[in-house]
Amino acid sequence: MQHNDGMNALSASGDTWGIPGPTFLALYLGAIAVALVIVLVRRHSMAGGKTVPGADQLTAQQAAYLTGGPDQAVYSAVAALRSAGLIGTGPDRKTVPIAALPHGVPPLDTAVYRALQLHGSVRAARNDTQVRSALDVLRSDLERLGLALSEDDRRAYRNTTLLLTALFVLGVARAAFGLLGGKPIMNLLFVLLILGVVTLILRGRKPWMTRAGKRAIAGLRTRYQYLSPSQSPAWATYGTTGVAMGVALWGTASFYAFDPGFAAEAEIQRQASASAGGSGWSSDSGTSSWSGSDSSSGSSCSSGSSCGGGSSCGGGGGCGG
Amino acid sequence: MTFYGVGIGWRPEIAGFVAGLPGLRFVEVVAESMPHAGPPPPALAALLDRGVTVVPHGVRLSLGGAEPVDGHRLEHFAAAAEILDAPLVSEHIAFVRAGGVEAGHLLPLPRSREAVDAVVANVRRVRAAVSVPIALEPIAAIFDWPDDELSEADFITEILERSDALLLLDVANVYANARNRGTDPVELLDRLPLERIAYCHVAGGDENDGIYHDTHTAATPQPVLDLIGELVTRTRPPALMLERDGDYPPAAELAAELSSIAAAAGYPDPARG
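Protein chains in written order, with the numbering used here: chain H, -11 to 309; chain E, 1364 to 1636.
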């Protein structure tokens, strides 16, 4: 009796929430493991995208947006306009139309042409209202085709980590109670540290392209391998559509290969071409940036210096791969 | 010999254009650009899958050199033929290095008996290493060596006969040589062993200071197309191949050039299905 009372007293006063430390830790780790599996499985299915008919028939503008975001789409349109002889460098080094816009030019290219007429620079054209709305159309096309995640999808993807956050809060509460009860909490703190870091990393990852999108780009890069800068494509032979697709798939390295003088005058930013396996463009916080966070293969490219020159990176997947 | 019709020199720069030619059955690829082993590059593999014949064309063996052909280069050359499952290979009657010095381009040989011996010895070495026939291409000669013992036609004929090689006739070179010397290209044509033709090169060039250079950077001129017309009345070359090595025109122009070569020869148009 005495013995039992002692045990009860010990249990009631000693164990935080009436659960012994090692038992809690075991249950807690088990819960984290289950939660992690749930989070990763949900994310995997959310990032899959879907296979919609037409996903492999992307236009250069769509492929550019998917590969490198709005900037790459604009650069692809500028390259196409340049290849068609519609724009050039005017007085004051402005980038301006030099020929009348023919019929049948894609909407983004038309918007960029008009924006250059108004603003005289590619940089300004990128922020033009008409250009923005043409870009929005491209973005929603890509989302509809299941190749890219919408803002809502991306939020939902990010919010899968709420399960882990809840477990983290639970652990913190337990640690606080334990501390007040004078219990050893070092093991729990260690687990919390790791859980916190893992949760933050997972929260930071918000893919733009779905796996279907990555497959689409990989497929296009195979089909248009001949436009890769490593092949020194004969741009005159491939014409406007070839130039547009080359810049779409291999970025501004292709632009500089096509027309280095104009690219420099138009202040086309040299950037590394994203590899097919990389996450490519990330639309966080409104400014475009190259995100290496979803795949380590992209990061060596994003750092710039080794690939900035264009040729070393443009070499058909020499970077990342 | 299999009939292939009008083909084109495959270059990475125009790989997408070449891949899009529906009636294409013959391309040539620079042998030295091939891998030493393993499967052919994807673009060429796709052509091979379509049944297009791909012939490796050497430019660095230096068959005309006094020294034997380099063993490593020869191995690579033979490997290219294997990788491409080629029915024949080709090289130039020329030298690109002498005494260890690389000229960087093809140089004409003095037309002497000694040069014939040297070329024949080297062609025999190649034939021992490569399991398929070899076609030899005489190069454009901007100048003649002062003590040439043989005429151009005799020189070529003797090399081909003694080495049992086929002729890769560059129609544009025949035109260029005749034009630069003020002779009649048809006359030269008639003195060549046309029955040995494996295939022909066709190309355009530029005139500079009164000398016509076969640069492969311009459209095939009408006189060369006319010469093709003359050639096909004498023999029917298995393939006529357009060489283009730079200043590539828009796809439509390049396709039209292939069509006019086909029209000049009365061959099927590779730009049509």
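The beta-carbon is built from N, C-alpha and C at its ideal position, and this holds for glycine as well.
Any C-beta of chain H under 8 Å from that of residue i
{"i": "glycine 1567/E", "result": "no"}
{"i": "proline 1613/E", "result": "yes"}
{"i": "arginine 1488/E", "result": "no"}
{"i": "proline 1375/E", "result": "yes"}
{"i": "glycine 1379/E", "result": "yes"}
{"i": "leucine 1617/E", "result": "yes"}
{"i": "isoleucine 1371/E", "result": "no"}
{"i": "alanine 1382/E", "result": "yes"}
{"i": "isoleucine 1624/E", "result": "no"}
For residue j and residue i, the rounded distance between their alpha carbons
{"i": "alanine 1409/E", "j": "glycine 134/H", "result": "30 Å"}
{"i": "alanine 1627/E", "j": "leucine 1594/E", "result": "10 Å"}
{"i": "alanine 1625/E", "j": "aspartate 80/H", "result": "50 Å"}
{"i": "leucine 158/H", "j": "glutamate 139/H", "result": "29 Å"}
{"i": "alanine 1449/E", "j": "arginine 258/H", "result": "42 Å"}
{"i": "arginine 1488/E", "j": "phenylalanine 1440/E", "result": "12 Å"}
{"i": "leucine 181/H", "j": "valine 29/H", "result": "23 Å"}
{"i": "serine 1475/E", "j": "glycine 1428/E", "result": "13 Å"}
{"i": "alanine 68/H", "j": "glycine 234/H", "result": "10 Å"}
{"i": "aspartate 321/H", "j": "isoleucine 75/H", "result": "Because residue 321/H is not part of the residues shown, which for chain H are -11 to 309, the question remains open."}
{"i": "aspartate 141/H", "j": "alanine 222/H", "result": "40 Å"}
{"i": "leucine 89/H", "j": "arginine 132/H", "result": "30 Å"}
{"i": "valine 1587/E", "j": "leucine 1555/E", "result": "17 Å"}
{"i": "alanine 251/H", "j": "proline 1600/E", "result": "46 Å"}
{"i": "glycine 2/H", "j": "glycine 184/H", "result": "27 Å"}
{"i": "valine 179/H", "j": "proline 8/H", "result": "16 Å"}
{"i": "isoleucine 1502/E", "j": "alanine 1566/E", "result": "13 Å"}
{"i": "isoleucine 20/H", "j": "alanine 161/H", "result": "15 Å"}
{"i": "glycine 6/H", "j": "threonine 187/H", "result": "28 Å"}
{"i": "valine 1452/E", "j": "phenylalanine 1366/E", "result": "16 Å"}
{"i": "alanine 206/H", "j": "alanine 51/H", "result": "11 Å"}
{"i": "arginine 1607/E", "j": "asparagine 147/H", "result": "57 Å"}
{"i": "isoleucine 26/H", "j": "tryptophan 238/H", "result": "36 Å"}
Proximity test, Cβ basis, 8 Å: residue i and chain E
{"i": "serine 354/H", "result": "The requested residue 354/H is not part of the displayed model; chain H covers only -11 to 309."}
{"i": "alanine 222/H", "result": "yes"}
{"i": "tyrosine 226/H", "result": "yes"}
{"i": "glutamine 213/H", "result": "yes"}
{"i": "glutamine 45/H", "result": "no"}
{"i": "glutamine 118/H", "result": "no"}
{"i": "glutamine 49/H", "result": "no"}
{"i": "glutamine 219/H", "result": "yes"}
Enclosing beta strand (DSSP E) for residue i [first to last residue]
{"i": "serine 1453/E", "result": "1452 to 1456"}
{"i": "aspartate 1572/E", "result": "Segment: none, aspartate 1572/E is in no beta strand (DSSP E) and carries neither H nor E."}
{"i": "isoleucine 86/H", "result": "Isoleucine 86/H -> no beta strand (DSSP E), and no H or E assigned at all."}
{"i": "glutamate 1500/E", "result": "1497 to 1501"}
{"i": "alanine 1533/E", "result": "Sequence check: residue 1533/E is aspartate here, not alanine. That run of the beta strand (DSSP E) goes 1529 to 1533."}
{"i": "valine 1390/E", "result": "1389 to 1393"}
{"i": "tyrosine 1562/E", "result": "1560 to 1565"}
{"i": "leucine 1603/E", "result": "1602 to 1605"}
{"i": "valine 1369/E", "result": "1368 to 1372"}
{"i": "glycine 76/H", "result": "75 to 77"}
Residue range of the unbroken alpha helix (DSSP H) whose run includes residue i
{"i": "serine 28/H", "result": "For the sequence presented, residue 28/H should be read as leucine rather than serine. Its alpha helix (DSSP H) spans residues 9 to 34."}
{"i": "glycine 192/H", "result": "174 to 192"}
{"i": "threonine 240/H", "result": "240 to 246"}
{"i": "isoleucine 205/H", "result": "199 to 211"}
{"i": "glycine 56/H", "result": "48 to 71"}
{"i": "isoleucine 1591/E", "result": "1585 to 1597"}
{"i": "glutamate 1620/E", "result": "1614 to 1628"}
{"i": "glycine 1379/E", "result": "1378 to 1382"}
{"i": "proline 1405/E", "result": "1405 to 1412"}
Residue i Cβ short of 7 Å to the ligand NAP heavy atom set
{"i": "threonine 1416/E", "result": "Of the ligands one can find in the structure shown there are none, so the ligand NAP has no counterpart to examine."}
Below-8 Å beta-carbon distance, residue i vs any chain B residue
{"i": "aspartate 1553/E", "result": "Absence of chain B from the displayed structure is noted, the protein chains being H and E."}
Cβ-based contacts, 7 Å cut-off: residues of the segment 1404 to 1426 of chain E near chain H: When CB distances to chain H are screened at a threshold of 7 Å, the residues of the segment 1404 to 1426 of chain E falling below it are Pro1405 and Ala1406, in chain order.
Any beta strand (DSSP E) of 3 or more consecutive residues that is wholly inside the segment 1417 to 1494 of chain E: List check, beta strand (DSSP E) in window: 1452 to 1456, 1458 to 1461 and 1464 to 1470.
Whole runs of the alpha helix (DSSP H) within the segment 1512 to 1557 of chain E, excluding any shorter than 4 residues: List check, alpha helix (DSSP H) in window: 1515 to 1526, 1534 to 1544 and 1548 to 1554.
In chain order, each alpha helix (DSSP H) run of at least 4 residues that lies wholly inside the segment 83 to 152 of chain H: You should have 95 to 107, 110 to 113, 117 to 132 and 139 to 147.
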